[in-house]
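Here's the structure, in structure tokens; my notes come after.
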Amino acid sequence: MAHLPKAQQERLLARVRRICLSFPETSERASHGESAFFFREKRSFLNTDVYHHGSEHLSLWIAAPLGAQGTLVRSDPEHYFVPPYVGYRGWVGATLDNDPDWDELERIVRDAYELVASKKR
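Just remember that this note's numbering sits 18 ahead of the position in the sequence shown, which is counted from 1.
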């Protein structure tokens with residue numbers, strides 16, 4: 019798949035940013051050269067992947083509760099995948115450059131935030 023134009027990438031990432039920063043005590047900073055979102059500036063719940071290391075997709079790597087990764091990847095492999103580096107911990111990858119279901123994606127991101135936030139309360 020060809021990379022999206024930079025302006026389109028920025029629009030998609032701005033939408034993700036609005037979702038993530040709507041949660042309490044959330045911040046954004048670079049992690050491994052990409053934007054990442056943290057609860058209380060320490061625990062990440064979402065990392066962006068802007069065609070990093072030759073990736074074919076503009077995507078998100080999202081913390082996920084036990085079992086969610088397998089369910090999502092099996093049910094919709096066009097939009098969900100096991101991400102490198104964090105997939106072994108149950109995180110799920112979600113592609114942004116192939117018309118994602120934004121309502122579902124927002125629920126998944128909210129679940130990620132709640133999972134990470136609940137571990138530090």
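Every residue gets a Cβ at the ideal spot worked out from N, C-alpha and C, and that includes glycine.
Residue i to residue j, Cα distance in whole Å?
{"i": "isoleucine 37", "j": "valine 127", "result": "8 angstroms"}
{"i": "proline 83", "j": "serine 136", "result": "12 angstroms"}
{"i": "glycine 72", "j": "arginine 58", "result": "31 angstroms"}
{"i": "valine 134", "j": "alanine 81", "result": "8 angstroms"}
{"i": "histidine 21", "j": "leucine 76", "result": "8 angstroms"}
{"i": "phenylalanine 99", "j": "phenylalanine 41", "result": "25 angstroms"}
{"i": "glutamate 46", "j": "proline 118", "result": "22 angstroms"}
Give the DSSP-derived three-state secondary structure of residue i in the structure shown.
{"i": "leucine 78", "result": "strand"}
{"i": "leucine 31", "result": "helix"}
{"i": "aspartate 121", "result": "helix"}
{"i": "valine 127", "result": "helix"}
For residue i, collect the residues of the same chain with a Cβ closer than 7 angstroms to its Cβ; drop the 5 residues on either side in sequence, then sort them by chain order.
{"i": "glutamate 124", "result": "Ile37"}
Just to confirm, is the Cβ distance from residue i to residue j under 8 angstroms?
{"i": "leucine 34", "j": "leucine 90", "result": "First, the amino acid is wrong: residue 34 is valine here, not leucine. Going by C-beta atoms, valine 34 is not nearer than 8 angstroms to leucine 90."}
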